[in-house]
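Undergrad: Residue numbers (my numbering): 872 to 1244. Below you will find the structure I want to go over with you.
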């Protein structure tokens, strides 16, 4: 018997596990492939804000950025590296966005070292940029450290059933609370309003004689170098999905694209491939992450049709699965958002703290239900 079972051992699942472990809860984490074996393990794991003019997503990611920078340094300093971030505009529209960002941001901006500028291409030097203090995480080591103290099993879950106040997983494991952190893979629930878009991520580690002390983002993300090695990565393929695509992912083609895009930003010398990492990252269709309880669609439709049809339905009126929650849809900001969302979820579960509607999975139920009326 467990206090919490978490299905999915990417950064979302591991962050939730860590929240409950720090509260001395008994936690089980299940994943069909392993810890950080999917999109999280393939991530560059850059900790940065969102560079946009305004909006709820920008505000949420900025809150998460500040929280996660402090969180990683406080609890997992050995797997977290502070690094100055250089974000370079990739087109004219983004140049305008960065100018507005610099005018309005409350984050402290920094100058770029002349040695770093000397390594950039002339094209990159001609573009608008923003630079500030940020960080980078060792993705796999971070996820492993986060669930230290939990029981981890490599297991593909087939069935979840709620009986007598407990969730029963594959007739084998029982828990008071169940958290789904399964990314963009097939859902364990047959709820029509739950839709996530998968984006295939690819990271390649290379050796190079070029020394780069910054995290550089433009067409791809380039990590700071360590022992003459750095990482180049992107969530750059929206068409490939390991569960639905007929043809396998072309690793060489993906790698070539990453290296070509990196070469548009920085002059890398004597490049040799070390290793490729690939995985599926999940995003939502409104680009906001999802965290919180899940709506029982049939039951809610039967009892609350009139309440759903109003312009702004009250999510509290919906009927929810008992003690069942989701954390998902962070896109390319998984390592920024996960600790922040995990804290929100834990506070909701343990203290009945409300989750803002813009983050709640119930928003997708409300939109789906309105289309039926």
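Backbone N, C-alpha and C fix where the C-beta goes; we use that ideal spot for every residue, glycine too.
#1: Measure the C-alpha to C-alpha separation of residue 1160 and residue 1153 and round it to an integer number of angstroms.
#2: Beta-carbon within less than 7 angstroms of residue 897's beta-carbon, same chain only, minus the 5 sequence neighbours each way: which residues are those?
#3: Identify the continuous alpha helix (DSSP H) that holds residue 1017 and give its terminal residues.
#4: Relative to the alpha-carbon of residue 1034, which residue among 1023, 1025, 1046 and 1024 has its alpha-carbon at the smallest distance?
#5: Short of 7 angstroms in beta carbon distance, which residues of its chain neighbour residue 1194, apart from the five on each side in sequence? Order them along the chain.
#6: Grab me the residues of residue 942's own chain with a C-beta within less than 6 angstroms of its C-beta, minus the 5 sequence neighbours each way, in chain order.
#7: Name the two residues that bound the continuous alpha helix (DSSP H) containing residue 1131.
#8: Once DSSP output is grouped into helix, strand and coil, what is the label at residue 1168?
#9: Note down, in chain order, each residue of its chain lying with its Cβ closer than 6 angstroms to the Cβ of residue 885, except the 5 sequence neighbours on either side.
#10: Assuming residue 1200 contacts residue 1053 (C-beta within less than 8 angstroms), just tell me the rounded distance between them.
#11: Using DSSP bridges, identify the partner residues of residue 1034.
#12: DSSP three-state label for residue 922, please.
#13: Give the DSSP-derived three-state secondary structure of residue 1062 in the structure shown.
#14: Beta carbon of residue 1240, beta carbon of residue 1136: below 8 angstroms?
#15: Let's test the definition: count the other Cβ atoms within 10 Å of the Cβ of residue 1028 and tell me whether it reaches 16, buried, or not, exposed.
#16: Which two residues bound the contiguous beta strand (DSSP E) that contains residue 952?
#17: Where does the unbroken alpha helix (DSSP H) through residue 987 begin, and where does it stop?
#18: Taking just the CA atoms, how far does residue 981 sit from residue 975?
TA: The structure says:
#1: Here residue 1160 is taken as the residue at index 289 of the chain shown, counted from 1. Here residue 1153 is taken as the residue at index 282 of the chain shown, counted from 1. Roughly 9 angstroms separates the two Cα atoms.
#2: Counting from 1 along the chain shown, the entry for residue 897 is found at position 26. Only 873 and 874 meet the Cβ criterion.
#3: Your numbering for residue 1017 matches position 146 in the chain shown. Per DSSP, the unbroken alpha helix (DSSP H) holding residue 1017 starts and ends at 1010-1017.
#4: Position 163 of the chain shown, counted from the first residue, corresponds to residue 1034. If you compare the alpha carbons of 1023, 1025, 1046 and 1024 with that of residue 1034, the shortest gap goes to 1046.
#5: On the chain shown, residue 1194 is found 323 positions in, with the first residue counted as 1. Hits under 7 angstroms: 1038, 1047, 1048 and 1049.
#6: Mapped onto the chain shown, residue 942 falls at position 71. So the qualifying residues of the chain are 1210.
#7: Translated into the one-based positions of the chain shown, residue 1131 becomes position 260. Segment 1122-1134, the alpha helix (DSSP H) holding residue 1131.
#8: Here residue 1168 refers to the residue found at position 297 of the chain shown. Helix.
#9: Locating residue 885 in the chain shown gives position 14, counting from the first residue. Counting only Cβ-Cβ distances below 6 angstroms, and skipping sequence neighbours, we find 1014, 1017 and 1018.
#10: Against the chain shown, residue 1200 aligns to sequence position 329. Against the chain shown, residue 1053 aligns to sequence position 182. Not a contact, Cβ separation roughly 11 angstroms.
#11: Indexing the chain shown from 1 puts residue 1034 at position 163. Answer is 1037, bridged to residue 1034.
#12: Start at 1 with the first residue of the chain shown, and residue 922 comes out as number 51. Here residue 922 sits in coil by DSSP.
#13: Mapped onto the chain shown, residue 1062 falls at position 191. Reduced to three states, the DSSP call for residue 1062 is coil.
#14: Here residue 1240 corresponds to residue number 369 of the chain shown, with the count starting at 1. Here residue 1136 corresponds to residue number 265 of the chain shown, with the count starting at 1. Against a cut-off of 8 angstroms, the Cβ pair of residue 1136 and residue 1240 comes out as no contact.
#15: By 1-based counting over the chain shown, the position of residue 1028 is 157. Buried.
#16: In the chain shown, counting from the first residue as 1, residue 952 sits at position 81. Its beta strand (DSSP E) spans residues 951-959.
#17: Reading the chain shown from its first residue, position 116 is the one you call residue 987. That run of the alpha helix (DSSP H) goes 985-990.
#18: For this step, residue 975 is matched to residue 104 along the chain shown. For this step, residue 981 is matched to residue 110 along the chain shown. Rounded to whole angstroms, residue 975 to residue 981 spans 15 angstroms at the Cα level.
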